[in-house]
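The structure appears right after this line, and notes come after that.
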Amino acid sequence: MTIVPNRLGVKFNLKREPAIAAADIVPIFQRWIQEHTVDGMLIDVIDYKHVPEGPGVILIADEGDYAYDFSDGQVGLHYIRKRNLPGILSDALLLAFRIALGAALCLEDEAPGDIEFDFSSAKISFLDRQRYRNDPSLYAALQDDLSAILAEIYGCEIALERAYDDPRLNFALRVSAQSSSVDGHKLLARLSERPVSVQ
Amino acid sequence: MNTWKEQLADQIPAEMGVLIDTFEAQIELRKQGKLDEKVFAEQRLRKGAYGQRYDNGQRHDGVRTRELSYPSGELVKGPDTLWDAPGMQRIKIPYGGLTAEQLEVLSELADEYADGILHITTRQDIQLHYVHIDDTPDLMRRLAAVGITTQEACGNSVRNITACTLAGVCHDEVFDVSPYADAMMRFLLDHDDVQDFGRKFKVAFSGCAGHACGLVKMHDLGLLAQTREIDGETKRGFTVFVGGGLGTVPQQAKVLADFATEEQLLPLAQAVSRVFARLGEKKNRNRARIKFLVSKLGIDEFRREVQEELKTVPHDDRHTAYLDTLGDFAYKPAKAGMALNGTPLPDGFSDWYRTNVYHQTQSGYSTITLNTPLGDFTAMQGFQLAEIARRYVGDNIRLSVEQNVVLRWVADADLPAIYRELCEIGLGDAGAGTIVDITACPGTDTCKLGIASSRGLTAELRTRLIERINLLPDAVRELKIKVSGCFNSCGQHHVADIGFFGNSRRSGNHKMPHFQVVLGGQWQENAGSYGLAVGAVPAKHIPEVLEALTNRYVAERGNDENFQTWVKNLGRKEIKAMLQPYMKLPSFDDKPGFFSDWGDSRVYTIDDIGVGECAGEVVSLFSLEIARAESAHFEALLALDEGNYPLVDQQAYKAMVLAARALVRTKYLDVGDDYGNIVNEFRSRFYETELVYDRFAKGKFARYLFKRHDQPPTQVGEDYAHQLIDETQLFIENIHSAEQRINGVIVS
């Protein structure tokens, strides 16, 4: 199974609740647009912090959106690649993972010591119910392939599980590196060495 | 099954499938430059696919205006509207009624095609934002498979038909208007007589005169339930209002008919539509709503026109057929009604119960309103809510014009349990319908016309008011606040106790976001009167203005004096004096924060305001109809590529008939859909008169249609298919030329 979904999300959670307020993310994302801090053709910032466990504050871009996200009751950086995904699933995952990682590190730089991500785990969302229905049989069929791809991304053994049992929700996985610690900068440096061609 | 089209083929009603396929073909034609951008824009709008802010490829980032280099380059989906720019998809939810399954599909779409948020509008629609135009056909198919359409959600046609959320469960209603709203929606949807309007047309139903829910007096066409004794029998019917509206020139609707029976309802709506299409302004979009026509003619002359038009409305079985199925419009509660007796009450329940629960006319049942912040909820909340609905209320979900989700038919005994579950998913806030439950349009967040941040201000006011809601006197708690980002009034600021609409002022070399304060509008009596604009205040002063107003109201109001009366008695001059201290403009150096809008850290600018699409494009009826013919021709070409020759024949023939129909309808609106009638009318009106004759080829191209119509092929091979495709193309070109000769240059 190597079909690339229409949209692919990668979310890294924070290690702990930060002191910085969601409202303070708005000017950060606005400045990222001015300074072109992260990847993509950056368009606008939208504020949904009034919605409980919602997408929080989103930096909208043409290719993919960056959200300071509160879904699943956990604060994190959620990157959703919407367009120009590579035609091979391993490349698509690598690209989304790398961009999400880069943005999360940029956000850490905005509030050193306060915003701190746990890069040893991530949620991967396949936003395409036509090709990726959230059912156990699909997971069983894909588990080995996806584990191999994600192990290669992390460069170590990983554990994989479905994020949601509810068949109505999107097909999403939680991946955890079986390593004592994962350094985001080193991981990004290693992943950046691998070429990925987008469509 | 590789596509949604294949997967859902059996679930999509045929007519809806054709409309979506046609739109998908038009997308391809537009990409190939074969469909005019204005014609495509109007087609797109009529599918609910709207433009969004910055879709002209420019955005001020707080320092400078920056070009947004979308990958599709110069390709546009309408004037100054770049193809790849994210757009908004409006989804019609007639009278706000939803099933649990529909809510789940809407949530899937928000998750996969938008930003994960479902937004409830002031017309009971759902809007998804940041949607790519290429995703819209599949999005529409998935909706169609569960009985939802986006057809005519925008553009110059009949918009979502609204009705009271309490219809059918209300103590005050004359009768349940829901089935009538449903019938009118079905009847007018894609109807020939609503295709040639100069502007949009909004319809609302209300079950009673006194309460607000239906707001019929601010609508183009408002229907207020009434009964009359006729020949000893109680007959249902409606008082019919026409020509109301908000916007820059708000007008109260006039009574067109004191009482129209239920049998007269649909023909009357059709006649009004035909008069509006025939006599309404088409060129000046600022004066094209029906309220201007009613004002220009006067209600008596308008009524006479409608009465004359009624005589020409062709017989249609659908005018009364729906009356036979009114009884089918029954509500199925998930549980038996049962009183709330002795169940332990969770914390916070009493406050919620006081503001969010309405006891239905049916014993043992309540309707609950979910205080939905800024009308937004997440896809995840949508799934959770659908699950809660299934267990407690079945398919009895509605959306309100105050941008809330409403669950009806909750057994009273279940209220504590459902409250607990709503709290768990973040939708258990008290205060529905109170001062904290503020209505707001999208404003500068996503709207091209937005001048100030209506949602930013609303979020700020909401946060501050929630903090001290328990300290507010009842008289203040009951006030309604509504906010629009500009004067167009999508936030319905005219009918709030306290309304705001965005504008701007200059201080030194900088612009400053402002809100005009509008006081004393009346929500009750179906939007009974509109508020007074009393002055523009810097956006950052609005929270103080609100506090000053409410404090003085509480201090000075007489016994039981309501806000409207207090405002009226105080007078515009005194109110202006009260606002004066807040109206002073600080300099940029003194208060730089005043030069940014609420929720937006950028230095404020009005450079991002674009051209709105609310008015749709002024495109002739012929242009719209011939575009359908060209889409069918395109479908024929696709079928040719696939080697499906019978389908080529079917689509090419359809394309020729639709092209002929486009020309016939310039002279004879009521030609209908029957292929035989269309060909006969075309033959007698345009062929036998030689009006369609080409200068050199004479009637040759028209005969291509007659040949296919009179002698359908018994076998369809490749050669025949190629020839038919070519002949269809020539016929369509011939129709274009003829129309220009006969009717002058196409308005586009």
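Protein chains in written order, with the numbering used here: chain A, 1 to 199; chain B, 1001 to 1748. Where is the CB? At the ideal position from N, CA and C, for every residue including glycine. Predicted model only: the values in this text are computed from it and were never measured.
- Not one beta carbon of chain B lies nearer than 7 Å to the beta carbon of L107 (chain A).
- Closer than 7 Å to the CB of P86 (chain A) there is not a single CB belonging to chain B.
- In the pairwise beta carbon analysis, the segment 1343–1352 of chain B is classified as not touching the segment 16–25 of chain A: fewer than three pairs are separated by under 8 Å.
- Within chain B, no C-beta atom comes nearer than 9 Å to that of L160 (chain A); the closest sits roughly 21 Å away.
- Short of 8 Å from the beta carbon of S1484 (chain B), and not among the five residues preceding or following it, lie these beta carbons of its own chain, in chain order: A1440, C1441, G1443, S1454, C1490, G1491, Q1492, H1493, G1499, F1500, F1501 and G1502.
- According to DSSP, P1513 (chain B) shares a beta bridge with B:S1504.
- Inclusion of K15 (chain A) and D118 (chain A) in the CB contact set at 7 Å is warranted, their separation being smaller than that value.
- Judged by DSSP in its simplified three-state form, S120 (chain A) adopts coil rather than helix or strand.
- For L1068 (chain B), the neighbours in chain A by C-beta distance under 7 Å run, in chain order, M41 and I43.
- If you check the CB distance, I1120 (chain B) and G1375 (chain B) come in under 7 Å.
- At least one CB atom of chain B sits nearer than 7 Å to the CB of D47 (chain A).
- Along the segment 1029–1055 of chain B, the positions whose C-beta sits under 7 Å from a C-beta of chain A are Y1054, read in chain order.
- In terms of Cα proximity to T1369 (chain B), the closest of B:W1409, B:P1333, B:R1390 and B:P1344 is B:W1409.
- The DSSP-derived three-state label of W1523 (chain B) is coil.
- In the DSSP assignment, D1021 (chain B) falls within the unbroken alpha helix (DSSP H) covering A1014 to K1031.
- For M1656 (chain B), the enclosing alpha helix (DSSP H) begins and ends at Y1645 to V1664.
- Closest in alpha carbon position to D1125 (chain B), among B:S1273, B:T1149, B:E1104 and B:Q1251, is B:T1149.
- Residues are counted here when their Cβ sits less than 7 Å from a Cβ of chain A; for the segment 1372–1391 of chain B these are P1373, L1374, D1376, F1377, T1378, M1380 and F1383, given in chain order.
- For secondary structure counted as the alpha helix (DSSP H) over 4 or more consecutive residues, the segment 1332–1411 of chain B holds these complete runs in sequence order: 1349–1356 and 1379–1392.
- If you look at I1126 (chain B), you'll find it in the beta strand (DSSP E) that goes I1126 to V1131.
- Note on H1219 (chain B): 16 or more other CB atoms within 10 angstroms of its CB, so buried under the neighbour-count rule.
- The beta-carbon separation of N1644 (chain B) and S1206 (chain B), rounded to 50 Å, does not stay under the 8 Å limit for a contact.
- Contiguous beta strand (DSSP E) elements confined to the segment 140–172 of chain A occur at 158–162, taking only those with 3 or more residues.
- The C-alpha of D1600 (chain B) is placed about 21 Å away from the C-alpha of A1085 (chain B).
- Close CB contacts of Y1322 (chain B) within its chain, under the 7 Å cut and outside five residues either way in sequence, are with A1183 (chain order).
- Proximity of S1072 (chain B) to chain A, defined by a Cβ-Cβ separation below 7 Å, is not satisfied.
- Sequence-distant Cβ neighbours of D1193 (chain B) in its own chain, meaning closer than 8 Å and more than five residues away, are Q1270, S1273, R1274, A1277 and L1669.
- Interface annotation, A1459 (chain B): in contact with chain A, CB-CB separation under 7 Å.
- Contiguous alpha helix (DSSP H) elements confined to the segment 1415–1485 of chain B occur at 1415–1424, 1454–1467 and 1474–1477, taking only those with 4 or more residues.
- Per DSSP, the unbroken beta strand (DSSP E) holding S1206 (chain B) starts and ends at V1203 to S1206.
- Linking P1094 (chain B) to Q1026 (chain B) through their CA atoms gives a straight-line distance of about 26 Å.
- A Cβ-Cβ separation of about 6 Å places V196 (chain A) in contact with L94 (chain A) under the 8 Å criterion.
- Using a Cβ distance threshold of 7 Å, E1037 (chain B) and G1078 (chain B) count as a contacting pair.
- By the beta-carbon neighbour count (other beta carbons within 10 angstroms, threshold 16), V1517 (chain B) is buried.
- Neighbours of R133 (chain A) in chain B, taken as residues at a C-beta separation under 8 Å, are lacking, since the least C-beta distance is about 11 Å.
- Here Q1151 (chain B) is buried: its Cβ has 16 or more other Cβ atoms, across all protein chains shown, within 10 Å.
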